[in-house]
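Using the numbering used here, read the sequence shown as starting at 24 and increasing by one per residue. These notes are about the structure you will find just below.
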Amino acid sequence: MKGLILCAGRGTRLYPLSYSQPKTLLPVANLPVIQHCLQKLLDVGIREIGIVISPNQLQIPAYVGNGQKYGAVIRYIEQQEPLGIAHAVSLAESFIAEDKFALFLGDNLMMESLHSLHDSFTKTDAYAAVLLSEVEKPQDFGIAEVQGEQIQSIVEKPQFPKSNLAVIGAYFFTPAIFQVIAGLQPSKRGEYEITDAIAALLQQGKKVVHSTTKLPYSDVGTMERWLEANRWMLDKSIGDEVQVGEGSMIDNCEIIGPVMIGENCLLSNCTIGPYVCIQNGAEVRNCQRIENSILLEDTKLVNLDCYIHDSIFGRSSYLVGGVPNVSRQDMGIFIMSDHSTITLPATRRIGVS
């Protein structure tokens with residue numbers, strides 16, 4: 024069995040952070056999203072993996088490589104235009120050949136393993152298997168109607184949903200899906216939908232099975248969902264602990280877990296956490312409080328007499344407090360792009376810069 028991860032999406036709702044690097048390389052619990060996706064496939068024994076990228080996403084193969092460090096073989100497949108999930112799958116036909124395969128959306132994070140879905144697929148004569156989860160707003164998702172272990176129908180963003188079981192981005196298929204995709208027409212939004220391909224299998228009388236998860240998942244498609252995924256991944260991986268990387272120095276700080284601190288970081292005279300991830304080379308000095316935030320590599324936060332929360336700081340970004348001025352005890356949310364600088368008025372100096 025082979026695996027396929029789709030990473031060619033532009034991630035516009037994560038601009039400016041995804042403008043300078045693909046969203047699948049953005050970190051959750053201090054590891055790129057794509058590394059979490061790869062691990063899901065590796066955990067069910069898949070060692071031949073294709074990754075679909077756009078022509079301008081060469082940072083992905085530069086980071087992931089040929090798969091040797093994962094004990095796998097990885098091949099890259101280019102999608103020139105963003106024409107939908109089913110279109111991206113069709114480009115992998117020569118790679119998949121006659122094998123069954125797992126399909127994983129590269130911006131997806133889920134706590135559920137693929138073992139249950141894998142077993143549902145491999146232990147039956149199903150043509151496809153789909154991971155589902157109950158949702159509050161089924162009109163926003165591809166929705167499946169099920170009977171027992173089998174899916175009866177599937178519709179993309181239905182006006183009148185027949186259930187609240189949403190398709191959440193993990194699938195298994197036989198190679199028969201390629202012939203089905205070849206017969207699809209574009210949807211109203213001009214894309215070839217994987218839900219339409221599954222619906223076509225059902226119309227042909229082919230068996231499609233499912234597994235349902237109640238565990239957290241997120242498509243990491245917005246800043247809010249990125250931070251949400253970071254929270255539950257921290258809970259899963261380290262509980263309420265504090266993880267500190269090699270070469271990092273911490274002086275006169277209160278650290279409230281869960282917090283991950285990368286390598287060669289400097290933290291002094293500040294309160295950090297809970298739910299903060301700090302990547303390698305970051306510097307945080309004389310800061311009142313930072314909570315529920317992500318600091319990418321080489322971020323510098325200095326002399327901030329304010330409460331920072333729900334914030335994301337790009338690589339080599341620099342936020343510094345300035346000359347005392349009006350009270351700014353709760354600055355709210357910061358979203359800073361790579362290599363950006365902001366200087367703020369401050370109420371007072373905290374410690375010594």
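Heads up, the beta-carbon is just placed ideally off N, CA and C, and yes, glycines get one too.
Distance from the CA of Met-272 to the CA of Ile-295, rounded to the nearest whole angstrom, comes to 14 Å.
Taking C-alpha positions only, Asn-309 is separated from Cys-329 by approximately 10 Å.
Restricting attention to Pro-368, Glu-314 and Leu-126, the CA atom closest to the CA of Ile-74 is found in Leu-126. Nearest in C-alpha terms to Val-153, of all of Val-231, His-362 and Pro-84, is Val-231. Take Ile-69, set aside five residues on each side of it, and the residues of its chain with a beta-carbon closer than 7 Å to its own are Met-24, Lys-25, Gly-26 and Ala-125, in chain order. When secondary structure is reduced to three states using DSSP, Ile-221 falls in the helix class. Counting along the chain, Leu-64 sits inside the alpha helix (DSSP H) bounded by residues 56 to 66.
Here Asp-274 is bridged, per DSSP, to Ser-291. Between Ala-193 and Phe-164 the beta-carbon gap is near 14 Å, outside 8 Å, which marks them as no contact. Straight across, the Cα-Cα distance linking Ser-260 with Leu-155 is about 23 Å. Just measuring C-alpha positions, the residue of Asp-148, Thr-218 and Pro-50 sitting nearest Leu-37 is Pro-50. For Asp-328, the three-state secondary structure derived from DSSP is strand. If you draw a straight line from the Cα of Tyr-150 to the Cα of Gln-173, it is about 11 Å long. Here the stretch 198 to 208 does not lie against the stretch 168 to 186, with fewer than 3 beta-carbon pairs under 8 Å apart.
Within the same chain, Cβ atoms closer than 7 Å to the Cβ of Thr-47 are found at Cys-30, Pro-55, Val-56, Ile-57, Ile-83, Gly-129 and Asp-130, the five residues on either side in sequence being excluded. The Cβ atoms of Asp-122 and Pro-239 lie no closer than 8 Å to each other. Taken through DSSP and simplified to helix, strand or coil, His-138 comes out as helix.
Looking at the DSSP output, Leu-367 shares a beta bridge with Gly-344. Exposure of Val-96 is indicated by the presence of fewer than 16 other C-beta atoms within 10 angstroms of its C-beta. Taking each of Phe-195, Leu-319, Glu-306 and Pro-297 in turn and checking the Cα distance to Arg-312, the smallest one comes out for Pro-297. 8 Å or more divides the Cβ of Ser-334 from the Cβ of Asp-321.
Judged by DSSP in its simplified three-state form, Ile-313 adopts strand.
Around Pro-78, the same chain offers Glu-101 and Gln-103 as residues with beta carbons nearer than 7 Å, after the five sequence neighbours per side are excluded. With fewer than 16 neighbouring CB atoms inside 10 Å of its own CB, Leu-81 falls in the exposed class.
A distance below 6 Å between beta-carbons, with the five flanking residues on each side excluded, links Leu-342 to the following residues of its chain, in chain order: Leu-324 and Ile-365.
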